[in-house]
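Offset between the sequence shown (1-based) and my numbering: plus 154.
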Amino acid sequence: MTLDIDDVDLARHQLDDRSDWDNHETVAHYEREFAVWNGSRYAFAFMSGRVALSACIHALDLKPGDEVIVPGYTCIVVPNAFHYAGMKIIYVDIELDTYGIDITDLSRKITPKTRAITIQHLYGLVSRDYLKILELAQIHGIKVIEDCAHSTGATMNSIKVGNRGDVSFYSTEQSKIITTVQGGLATTNDEIIAKRLREYCYNTSPTNDHLTEYLLNNVILNYYSYKHPQRWWLGDYANLIHGKYRLISTTAEEEHGIKPSNYGMTMRAPIARIGLNQLRKIDHYNVRRVATATRWRSWCEEQDYSPPLVIQGSDPVFLRYPVLVEPEKKKDTRWAIDQLGVNIGVWYVSNLHPVPGIVADCPNADTAVAHCVNMPCLID
Ligand SMILES: *Cc1c(COP(=O)(O)O)cnc(C)c1O
155 MTLDIDDVDL ARHQLDDRSD WDNHETVAHY EREFAVWNGS RYAFAFMSGR VALSACIHAL
215 DLKPGDEVIV PGYTCIVVPN AFHYAGMKII YVDIELDTYG IDITDLSRKI TPKTRAITIQ
275 HLYGLVSRDY LKILELAQIH GIKVIEDCAH STGATMNSIK VGNRGDVSFY STEQSKIITT
335 VQGGLATTND EIIAKRLREY CYNTSPTNDH LTEYLLNNVI LNYYSYKHPQ RWWLGDYANL
395 IHGKYRLIST TAEEEHGIKP SNYGMTMRAP IARIGLNQLR KIDHYNVRRV ATATRWRSWC
455 EEQDYSPPLV IQGSDPVFLR YPVLVEPEKK KDTRWAIDQL GVNIGVWYVS NLHPVPGIVA
515 DCPNADTAVA HCVNMPCLID
């Protein structure tokens, strides 16, 4: 929803003229611009958020057998990154106010082997126990990774999320705050961690020509399929020309916990150019999201659903607006089109979305899986 005709023009231009695809300065420019916008000292760009997370794992020097705390309500690609590093994953329950890790359950599950905690800020909200978890981690000498994939730009006491933990990652996949179809960033304010992130980049190849070409075609395809005012017919037309390039975010092998052979690439110049263009609009779109959220808040009040909690001192960005509804309304969401005129989302359909099966001992996460739907916040 953040792709516009200028992004399409940019993608077309990159496809027509490949002479500048290896311009590393463009990628460095994107990294600098993101770091400045985010209020971080360092940023590094990758082919996806999950790869940015793998870079974070390397940067923190986490080792096989180390325990990491992960919320029992996340995307499968998050535990996969830890699993690829040979780490032991300990799932912790969430709270149902902001869908972040619950500090009470977290305190119970810390062991002498715990080396890292993943704080996840979901739906654009700032995680309820954010500051308390940081404090607890500090007391125990545990590293903190912030998952800002949904909440890029959300602030806590005027500081953007991702700047208080040791290292953080962001996603620019097609359903996120801004998009390069697939893409991600890792940030830190620590010089030693930055050095190790840079080292990971040096040992990683840039996105190959094949994937780059696919990504650029998906910029065009997505704009005409989901955004253009005449998408009802232009979408079909774009599909005829660019449909063969359609990408899926998570492959079947990843759903089975297998590391894809092309996993782990840094971002390439043409994709960084789309990222730079998206970055120029990020605040504009986030303001629109927040405005739409007030509509959903009123709707919750009318319907007697409790709205999500905006913790004191925080400014969320509302990638989506989460609401706990009756399970029947999550299983079949057609009512939303009839009653509200929108398509609603069902993140997450399982504890480790989208892979079926449950995670033991996370009852609130199970409740969210059964009840939580999310309302779109960029509607035209
Ligand atoms: C999308 C997402 C990721 C992974 O980002 P990719 O760019 O798709 O690899 C990680 N965590 C959360 C919460 C996400 O929504």
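Note that CB positions come from ideal geometry on N, CA and C, so glycine has one too. All figures in this text were calculated on a predicted structure; none of them were measured in a lab.
- In chain order, 431 place their CB closer than 7 Å to the CB of residue 160, counting only its own chain and leaving out the 5 sequence neighbours on each side.
- Set against 8 Å, the gap from the CB of residue 323 to the closest heavy atom of ligand 1 is smaller.
- In the pairwise beta carbon analysis, the stretch 383-397 is classified as not touching the stretch 179-194: fewer than three pairs are separated by under 8 Å.
- Straight across, the Cα-Cα distance linking residue 359 with residue 200 is about 10 Å.
- Classified as exposed, residue 349 has fewer than 16 neighbouring CB atoms from the shown chains inside 10 Å of its CB.
- In this model, residue 198 and residue 206 are separated by some 8 Å (Cα to Cα).
- For residue 389, the enclosing alpha helix (DSSP H) stretches over residues 385-396.
- For residue 244, the secondary structure class from DSSP, reduced to helix, strand or coil, is strand.
- Membership of residue 454 in the alpha helix (DSSP H) is indicated by the continuous run 436-457.
- The Cβ atoms of residue 222 and residue 248 do not sit closer than 9 Å to each other.
- At least 9 Å separates the beta-carbon of residue 354 from that of residue 157.
- Counted as a single uninterrupted DSSP element, the beta strand (DSSP E) harbouring residue 299 occupies residues 297-301.
- Taking a 10 Å sphere around the C-beta of residue 346, we find fewer than 16 other C-beta atoms and assign the residue as exposed.
- In the DSSP secondary-structure assignment, residue 221 is bridged to 242 and 268.
- Pairing residue 226 with residue 170, the inter-Cα distance amounts to about 44 Å.
- Contact check between the stretch 517-530 and the stretch 476-485: three or more CB pairs, one atom from each, fall below 8 Å, which counts as touching.
- Relative to the non-hydrogen atoms of ligand 1, the Cβ of residue 224 never comes closer than 8 Å to any of them.
- The residue among 409, 407, 424 and 352 with its C-alpha nearest the C-alpha of residue 373 is 424.
- Cβ atoms of residue 303 and residue 203 come within 8 Å of each other, at about 5 Å.
- In this structure, residue 256 places its C-beta atom within 9 Å of the C-beta atom of residue 283.
- Taken from the Cβ of residue 202, at least one heavy atom of ligand 1 lies inside 8 Å.
- In the DSSP assignment, residue 338 falls outside any alpha helix (DSSP H) and within the unbroken beta strand (DSSP E) covering 338-342.
- The three-state reading of DSSP puts residue 475 in strand, counting E and B together.
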